[in-house]
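Novice: The numbering used here puts the first residue of the sequence shown at 1, with every later residue one more than the last.
Backbone N, C-alpha and C fix where the C-beta goes; we use that ideal spot for every residue, glycine too.
These numbers come from a predicted model, not from an experiment.
Can you read through this structure? Questions will come right after.
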Amino acid sequence: MTEYKQGSITLAGAVAMGTGVMIGAGIFALTGQIAELAGPLFPLAFIAGALVTGFSAYTYIKMSNAYPSAGGIGMILHKAYGPTTVAAGAALLMALSMVINESLVARTFGTYLMRGLGMEPSAPLVPILGVALIIFAYLVNVAGNRSVGLLSILMAVLKVTGIAIFGGAALWASGISFQATGSGAQTGAGGFIASLALSILAFKGFTTITNSGAEITRPHRNVGRAILISILICAAVYLLVAFGVGSSLPLEQIVAAKDSALAEAARPALGQTGFYLTVALALVATASGLIASIFAVSRMLAMLTDMRMIPHSHFGMAGTIKDHTLVYTVVIAGLLTLFFDLSRIASLGAFFYLVMDMLIHWGVWRNLRADVGARGWVLLTAIALDAVVLVTFAAMKLQSDPLIVWVGLAGMAAVFAFEHAFLKRVARRQGGHRHQH
């Protein structure tokens with residue numbers, strides 16, 4: 001079995017990990033993409049996304065408070081569905097969505113670094129810089145939990161404070177006027193609802209806390225508290241920064257900047273110094289987000305291996321299963337960073353996450369709500385909200401980029417088919433008490 005250090009992550013460390021993943025991906029990588037879909041209402045998309053996330057988080061909080069576990073999402077699915085294809089497939093979708101998020105953050109790091117160096121982001125250099133960051137995050141994780149927790153706290157304080165100052169300064173410099181008006185990228189109600197898929201993706205980092213439940217101090221209380229605190233902090237930061245960006249740039253410029261919208265918004269509001277400070281904040285935010293995400297997803301994969309929900313091979317490596325899954329995580333994230341652009345990475349991550357999220361709510365509603373004291377109407381509302389957002393987002397992507405929709409569908413079908421075949425093989429071994437070598 002994989003071993004974990006109980007009590008090695010404090011409440012502050014857990015909050016820092018959650019906000020680290022959310023802020024690293026959300027505000028820097030997705031602001032421009034959300035503005036492209038939602039038009040002038042893009043700041044409100046972050047608030048709507050926080051509300052939808054709040055309904056979703058309810059399920060995770062109830063389950064994590066009752067059954068705190070490393071790899072907690074795998075635990076939730078296993079308890080909801082048993083050792084079935086649905087549980088294993090949904091858990092693997094979650095793991096993949098987290099790895100996809102890591103490649104999103106890594107490419108965002110490369111984009112902002114090149115902007116800071118006065119260079120236009122180019123195809124060869126952005127992914128190379130992203131892979132370099134992934135390697136750095138791997139080395140920090142190898143150093144151990146306390147290194148991850150301490151670095152997460154320091155970076156979280158720095159970036160939350162810095163980004164809040166950016167948003168406030170941008171609003172003050174503009175005279176509290178909102179420039180991102182007009183119809184340049186506005187797509188109506190459908191576009192606003194579709195933008196929530198990316199807004200939700202900007203908040204899904206709270207699952208990092210769920211996946212580290214066994215290692216958090218006083219987990220039956222602190223896992224749920226850390227999730228709520230993280231979501232509230234990020235909602236406030238996202239709203240402030242979105243209005244700051246909107247007060248500095250017209251909508252068409254936000255959409256044009258897309259992958260580096262915050263840096264471009266800093267220039268007219270705060271001058272060249274503000275531009276460089278924003279780039280520095282982006283680098284800190286993306287680096288800390290990647291470190292925290294790799295920490296969580298490697299634990300989740302290790303737990304899924306222990307539960308015999310996914311196969312495992314040492315490939316000749318020494319160490320524990322947790323060490324091996326850390327390597328697998330960074331290798332897959334590195335490959336995605338090399339071969340996918342930011343927009344498609346975000347879309348694929350949203351598809352995988354929303355499908356997995358609905359399966360979790362449904363499983364808890366059907367089989368566990370009495371055990372954990374969850375209110376049925378909240379669970380059903382979470383499913384309905386996810387479904388509306390997913391269908392609307394997929395419909396818009398079918399018009400603008402149909403390939404990524406088909407890639408998403410094919411990827412999900414492959415995941416469930418793979419898990420079905422694997423679990424059948426485990427069953428034939430009369431319980432499969434050994435993982436594969």
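Cα-Cα, which of T111, Y276, A414 and I216 is closest to P68?
Specialist: Here the closest residue by C-alpha is I216.
Novice: Report yes or no: is there a C-beta of chain C within less than 8 Å of the C-beta of A226?
Specialist: The question asks about chain C, but that chain is absent: this structure has only one protein chain.
Novice: Please identify the residue among A29, P127 and T10 whose C-alpha is closest to the C-alpha of T337.
Specialist: The residue with the shortest Cα to Cα distance from T337 is P127.
Novice: Check for me: the alpha helix (DSSP H) holding P402 runs from which residue to which?
Specialist: From DSSP, the alpha helix (DSSP H) with P402 extends over P402 to R428.
Novice: Short check: CB of D386 to CB of D357, under 8 Å?
Specialist: In this structure, D357 lies closer than 8 Å to D386 by Cβ.
Novice: Is the region 359-366 close to the region 45-61, with three or more CB pairs under 8 Å?
Specialist: Touching, per the Cβ criterion.
Novice: Please determine, among F422, A285 and D401, the residue with the shortest C-alpha to C-alpha distance to T108.
Specialist: T108 has its Cα closest to that of A285, out of F422, A285 and D401.
Novice: Of the choices A12, G376, A384 and L368, whose alpha-carbon is the least far from that of A66?
Specialist: Comparing Cα positions, the closest option is L368.
Novice: Under the criterion of a Cβ to heavy atom distance below 7 Å, does F416 qualify as lining the ligand MN?
Specialist: Annotation note on the ligand MN: not contained in the displayed structure, which lists no ligands.
Novice: Relative to the alpha-carbon of Y238, which residue among P311, G162 and T325 has its alpha-carbon at the smallest distance?
Specialist: Nearest option by C-alpha distance: G162.
Novice: Output the residue ranges of the alpha helix (DSSP H) runs that lie fully inside the region 110-167 and measure 4 residues or longer, sorted by chain position.
Specialist: Runs found: 125-142.
Novice: Check the C-beta distance from G408 over to G205 and give it rounded, since I have them as a contact under 8 Å.
Specialist: That belief does not hold up - the Cβ atoms of G408 and G205 are roughly 20 Å apart, past 8 Å.
Novice: Determine the contact status of A302 and T325, defining contact as a CB-CB distance below 8 Å.
Specialist: Yes, they are a contact pair.
Novice: Do S247 and A170 count as a contact pair if the criterion is CB distance below 8 Å?
Specialist: Yes; because the gap between Cβ atoms is below 8 Å, this pair is in contact.
Novice: Starting from the Cα of V86, find the closest Cα among W377, R425 and M309 and give me that residue.
Specialist: Comparing Cα-Cα distances from V86 to each of W377, R425 and M309, the minimum goes to M309.
Novice: Could you check where the alpha helix (DSSP H) with K62 kicks off and where it finishes?
Specialist: Taken as a continuous stretch (DSSP letters only), the alpha helix (DSSP H) holding K62 covers F42 to A66.
Novice: Is I233 helix, strand or coil when you go by DSSP?
Specialist: Helix, per DSSP.
Novice: Please list the terminal residues of the continuous alpha helix (DSSP H) segment that includes T441.
Specialist: Lying outside 1 to 437, the shown extent of the chain, residue 441 is not represented and no answer is given.
Novice: Short check: CB of V279 to CB of A263, under 8 Å?
Specialist: Yes. Within cutoff.
Novice: Run through DSSP, which three-state label would I227 get?
Specialist: Helix, per DSSP.
Novice: Should I9 be labelled buried (16 or more other beta-carbon atoms within 10 Å of its own) or exposed?
Specialist: Buried, by the Cβ-count rule.
Novice: What do you reckon, are the CB atoms on S352 and S97 nearer than 8 Å?
Specialist: The displayed chain sequence assigns Phe, not Ser, to residue 352. It is a contact, given that the beta carbons lie within the stated cut-off.
Novice: Which residue or residues does DSSP assign as beta-bridge partners of A216?
Specialist: The residue asked about is misnamed: residue 216 is Ile in this sequence, not Ala. For I216, which the question treats as bridged, DSSP gives the partners I9.
Novice: Do the CB positions of L93 and V415 come within less than 8 Å of each other?
Specialist: A contact, by the Cβ cut-off of 8 Å.
Novice: Just to confirm the assignment, what range does the alpha helix (DSSP H) spanning D357 have?
Specialist: Taken as a continuous stretch (DSSP letters only), the alpha helix (DSSP H) holding D357 covers L342 to N367.
Novice: So the alpha helix (DSSP H) M307 belongs to, where does it begin and stop?
Specialist: From DSSP, M307 is part of no alpha helix (DSSP H); its letter is neither H nor E.
Novice: Buried or exposed: F46, going by 16 or more other Cβ atoms within 10 Å of its Cβ?
Specialist: F46 should be labelled buried.
Novice: Could you spell out where the alpha helix (DSSP H) holding A374 opens and where it closes?
Specialist: Careful: A374 lies outside any alpha helix (DSSP H) and carries neither H nor E.
Novice: Taking T329 as the reference, give the member of L37, A106 and A95 with the closest Cα.
Specialist: Here the closest residue by C-alpha is A95.
Novice: Specify the secondary structure class of T278 as computed by DSSP and reduced to three states.
Specialist: Correct three-state label for T278: helix.
Novice: Could you tell me how far apart the beta carbons of A106 and V142 are, in whole angstroms, since I believe they sit closer than 8 Å?
Specialist: The Cβ separation is near 18 Å, so there is no contact.
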